[in-house]
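Q: Mind having a look at this structure? Questions to follow.
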Amino acid sequence: MAAPAVVAPRRDIGRSALALFLRYREISVAIVAIIVCVVFQIASSGSFFSLDEMAVVLRLTGQYGLLALAEVLVMITGEIDLSAAKVYGLAPFVMYFFYNGFTLPLIFFSVQIPACPLVIALLLAILASACIGFVNGFVTVRLGVPSLITTLGTFFFLDGFTNYIANSEQLPQTYPDPFSKIFGYNLYTPGTGFNIAYASDLSIFFWAAGMALVVTYILKKTIFGLHTFSVGSNLEGAKEIGVPVQRTKILNFMLGSSLAGLGGILFAVYNTETDPSAGDPSLNLFAIAAAVIGGTSLFGGSGTAIGAILGAFVIASLSNGLPLIGVSANISNMIIGFAILAAMVLNIYLDRFRARRG
Amino acid sequence: MSLVMESPATPPQSDPQPVVYEAQHISKSFGAVVALRDVSMRLHKGEVLGLVGDNGAGKSTFIKILTGFHRQDSGDLIFEGQHIHLSSPADARRLGIQTVYQDLALIKDLSVYHNMYLGRELRRWHGLDNRAMKRETVKALSQLGIKLASVDSTVERLSGGQRQSIAVARSVFSNPKVLFLDEPLAALGVREGRLVLNLILELKARGDVSIILIAHNYSQVFEVCDRISFLSGGKIAYEANTKDTTVSELVDLVSSGYRLGTIPTSTPTDVPPA
């Protein structure tokens, strides 16, 4: 009788660890992130976790992360957004032009738009991002074009549009206090050690982390979040039950685009210039990869915001850590590609494992 | 505009239970194809009626008319003594006519309790009241005798019988007066089917809801149904109280009728032709 009493607690620990692992998809990507960190820390003989290196990694995590959150929202509904990076590129221009005022050419005459207060300019930029999301969602849902194609179209349109209004030039702009401090202006001088200004160097990461919590709340605690999962998991079933499936999808496109726009603005404020090439296509692909590594299904119905940030961290670590330990750029791209494939295969197997163990 | 058009004087029945839902002389054609000819049916309160018949017999057309998907070409629907016109499934639902479809419409990635409450979520502040939904789901399922390891698990991880039971439990959640079960046993093995049959028996024992069970397997139909209607070629070919007949009698009749084309013609009464 004594033996089971001794064995039982240990088995319980094992089982509850397994249950935890099955329940929270983020745990597997968190383990991968830790392994990546340890490997780089050892291989770089300690310089991976230096302040300056971490600043670069976490900033990139923030950039990828905000776009990955946009992808998570859209991908849970069973769609995809290829134009997010271009929204990221356009939004700071919208803010720049409204902040400085501009001439809006109409067909027969032109209208002078006066300079707006900065907060208004920011809100207009986010609103413009949301509108692009609306167009993506509307064309996809109401006109029945697959989102891959819809957003490919907006991708090229926005690429052209951004370069057109920017005249393909970078526009330097330093925004005033306290706006700049809130939205990512860097006060830190590299190499000065850890101080309060260091945090400002990472503000895009903190924004991404904060937005991940907001998105987590939306997905887990609101009716809209529940509808989002139901639409991606079983569209016909959700419709039958009375879930407003079209509205749910369109709203997710809009939310996702707004997050992408916010990311672009943070990046522009950090760099004190607005760059028409900021929304690089690879950014969008890394964001999708980060979402998938973080456990978001390409077929809809599942995904987590925290997982997406962890996935963004893994990709940011790889793309910075590999050069740090002396791997050449081409080889490191090959390794990242391999890592993405491995993560996706792992995810598929974990899903099957979860389905069997339930 | 009200769904209720007029109140005809339906003659009181000699049966102990009042008629809840009645179809009178329903006919329906799709182009040149006649799907239903003069089909009548009566459903009493708390009754379980089995609707059997081969594919193409008109079963699903009949059900779709009764649940508001199609409009009949002629004939009347009478719900609780009043003529009704159903222009959509939502109309039927509003009156208390619920359907559990073959394809279930469960969301496999959502938990059991979220599935139970999808479309009528309980809220607290602006968010979901997950705790209350969980508590109520546990209560509702245990009242129906449905056993699950956890209402937290996603529907994907449940067995076929458990899924079907959840789908049925969800539709009785809104206290319907009439419940249509569209082939709930079709894809299930014996043990899994048992879960659903027990659930139907439990609902029958409560007597709150009248059930129309569409099925292929006669012996299962016999176990849970009070009455059986056999549809063939768009007509009710045979109707009997299960206690007055046997499975083999029905099977014989159906198969011989098929061969000879001599199935006794329908009478829109509760008593089968002798």
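The listed protein sequences derive, respectively, from chains C and B.
Read in order, the letters of the first sequence correspond to residues 0 to 357 in numbering that gives the first Met the number 0.
Read in order, the letters of the second sequence correspond to residues 0 to 273 in numbering that gives the first Met the number 0.
Every residue, glycine too, gets a C-beta built ideally from N, C-alpha and C.
#1: Mind checking which residues open and close the beta strand (DSSP E) that includes residue 97 of chain C?
#2: Report yes if the C-beta distance between residue 247 of chain C and residue 139 of chain C is below 8 Å; otherwise report no.
#3: Report the three-state DSSP secondary structure of residue 221 of chain C (helix, strand or coil).
#4: To be precise: take each residue of the region 237 to 255 of chain C, compare its Cβ to all Cβ atoms of chain B, and keep it if any distance is under 9 Å. Which residues remain?
#5: When the Cα atoms are used, what is the spatial distance from residue 113 of chain C to residue 271 of chain C?
#6: How many angstroms separate the CA atom of residue 81 of chain B from the CA atom of residue 22 of chain B?
#7: By the three-class DSSP mapping on this structure, what secondary structure does residue 313 of chain C have?
#8: Which same chain residues, not among the five before or five after residue 446 of chain C, have their C-beta less than 8 Å away from its C-beta?
#9: Using the C-alpha atoms, what's the distance from residue 195 of chain B back to residue 42 of chain B?
#10: Taking Cβ positions only, does residue 225 of chain B come closer than 8 Å to chain C?
#11: Could you name each continuous alpha helix (DSSP H) segment of 4 residues or more that falls completely within the region 154 to 183 of chain C, going from the start of the chain to the end?
#12: Closest Cβ-Cβ distance between residue 122 of chain B and chain C: below 8 Å?
#13: CA-CA distance, residue 97 of chain C and residue 115 of chain C?
#14: Consult DSSP for residue 1 of chain B and reduce its assignment to one of helix, strand or coil.
#15: Around the C-beta of residue 5 of chain C, are 16 or more other C-beta atoms found within 10 angstroms, so that it is buried, or is it exposed?
#16: Which same chain residues, not among the five before or five after residue 66 of chain C, have their C-beta less than 7 Å away from its C-beta?
#17: Grouping DSSP H, G and I as helix and E and B as strand, with all else coil, what is residue 53 of chain B?
#18: Count the other CB atoms within 10 Å of the CB of residue 95 of chain C; is the residue buried (16 or more) or exposed (fewer)?
#19: Is residue 180 of chain C close to chain B? Criterion is C-beta to C-beta, closer than 8 Å.
#20: For the beta strand (DSSP E) containing residue 234 of chain B, list its first residue and its last residue.
#21: Use the C-beta contact count for residue 314 of chain C: other C-beta atoms within 10 angstroms, 16 or more gives buried, fewer gives exposed.
#22: What is the DSSP secondary structure of residue 265 of chain C, reduced to helix, strand or coil?
#23: Taking 8 Å as the threshold (beta carbon to beta carbon), is residue 107 of chain B in contact with chain C?
#24: I want to verify the contact list: residues of chain C whose CB lies under 8 Å from the CB of residue 118 of chain B, in sequence order.
#25: Of all the options B:98, B:78, B:231, which has the alpha carbon lying nearest to the alpha carbon of residue 62 of chain B?
#26: Please go through the same chain and pick out, in chain order, the residues whose beta-carbon is closer than 7 Å to the beta-carbon of residue 229 of chain C, but skip the five residues on each side of it.
#27: Starting from the beta carbon of residue 104 of chain B, find every residue of chain C whose beta carbon is closer than 9 Å, and list them in chain order.
#28: Which class does residue 74 of chain B belong to by DSSP, given the choice of helix, strand or coil?
#29: By Cβ distance below 6 Å, which residues in the same chain neighbour residue 20 of chain B in space, the five residues on each side in sequence not counted?
#30: Let me check one thing: in DSSP terms, what residues is residue 272 of chain C bridge-paired to?
#31: Would you give the residue range spanned by the alpha helix (DSSP H) that residue 205 of chain B belongs to?
#32: Using 8 Å as the limit for Cβ to Cβ distance, is residue 301 of chain C near chain B?
#33: For chain B, is any of its Cβ atoms less than 8 Å away from the one on residue 357 of chain C?
#34: Would residue 302 of chain C pass as a contact of residue 71 of chain C if the rule is Cβ separation under 8 Å?
#35: Interface residues of chain C around residue 69 of chain B at Cβ under 7 Å?
#36: According to DSSP, is residue 142 of chain C helix, strand or coil?
A: Based on what the coordinates show:
#1: Looking at the DSSP string, residue 97 of chain C is not in any beta strand (DSSP E); the run it does join, the alpha helix (DSSP H), is 83 to 99.
#2: no
#3: strand
#4: 237, 238, 239, 240, 241, 242
#5: 22 Å
#6: 11 Å
#7: helix
#8: Any answer about residue 446 of chain C is impossible in this case: the structure gives chain C only from 0 up to 357.
#9: 21 Å
#10: no
#11: 178 to 181
#12: yes
#13: 6 Å
#14: Its pLDDT being 46, under 50, residue 1 of chain B is placed unreliably in this model, and the value from its coordinates should be taken loosely. Here residue 1 of chain B sits in coil by DSSP.
#15: In this prediction, residue 5 of chain C has a pLDDT of 40, which is less than 50 and means its spatial position is unreliable; what the coordinates show is noted afterwards. Exposed: under 16 other Cβ atoms inside 10 Å.
#16: 83, 84, 87, 259, 262, 282, 283, 286
#17: coil
#18: buried
#19: no
#20: 234 to 240
#21: buried
#22: helix
#23: yes
#24: 240, 241, 242
#25: B:98
#26: 237, 242
#27: 233, 235, 236, 237, 238, 239, 240
#28: strand
#29: 42, 78, 177
#30: C:171
#31: 189 to 205
#32: yes
#33: A caution first: residue 357 of chain C carries a pLDDT of 48, below 50, which makes its placement in the model too unreliable to give a value.
#34: yes
#35: In chain order: nothing, as chain C lies at least about 16 Å away.
#36: coil
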